[in-house]
Structures are given as structure tokens and as C-alpha cells.
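Inspection log for the structure reproduced underneath, given as C-alpha cells.
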Amino acid sequence: MNVDPSLHPVYVRTGSGDFYDGVDFRYNGVQTARDGRLGDRLINTDWNLFAPRFGIAWSPSSKWSFRTGFGIFYS
């Protein structure tokens, strides 16, 4: 039974050129690619996906407690 190699996963490295440039090991039986399909990153950043955070706490009794927080995170 022959298995179609195009159905197997491919280990992709960022950049272009030889997959094993600067690497001291080799994969046996694993398809590899370094053809620039990912650009210079593994994941393209979408700057429209921001998640603002805001937090507040209040407990002015039983020994006091004030808290606050703010942040903007990108994912």
C-alpha cells in the first residue's frame, strides 16, 4: 500500500533557503520546508485583535483594600 506523501504534515521553518542552515541535526523521514511561505514570522500579527483590560476592587472596611488595573493586550 502506497501512501501519498502530500498528505503528511510538513515541518516549516521561517525564512528561506536551506532548512538546515545553522542547525546541527537532521530529521529523518519528515518533510521539511523553508521556502518563505511564512515570511519572517511563524504567525502573522493582526493588530486589530486587541483586548483592553480594566480591573477595580473596593473594600474600605476590615483592614482596607483598594485595587486597580489597566492593560491592553494583543493576541
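Anchor point for the sequence shown: position 70 equals 70 in my numbering, and the numbering is continuous, going up by one each time. Ideal Cβ positions, reconstructed from N, Cα and C, are used throughout, including at glycine.
#1: Give the C-beta separation of D40 and G17 to the nearest angstrom, bearing in mind that I take them to be a contact with Cβ-Cβ under 8 Å.
#2: What does a CB cutoff of less than 7 Å around F70 pick up in its chain, not counting 5 residues either side in sequence?
#3: Just list the beta strand (DSSP E) runs in the region 34-73, keeping only unbroken ones of 3 residues or longer that don't cross its boundaries, in chain order.
#4: Indicate whether V12 and L38 have their beta-carbon atoms separated by less than 8 Å.
Let me spell this out:
#1: Working through the sequence shown from its first residue, we reach residue 40 at position 40. Working through the sequence shown from its first residue, we reach residue 17 at position 17. Going by Cβ atoms, the distance from D40 to G17 rounds to 13 Å, so no, they are not a contact pair.
#2: Translated into the one-based positions of the sequence shown, residue 70 becomes position 70. Cβ within range, chain order: R53 and F54.
#3: 50-58
#4: For the purposes of this step, residue 12 is identified with residue 12 of the sequence shown, where counting begins at 1. For the purposes of this step, residue 38 is identified with residue 38 of the sequence shown, where counting begins at 1. A contact, by the Cβ cut-off of 8 Å.
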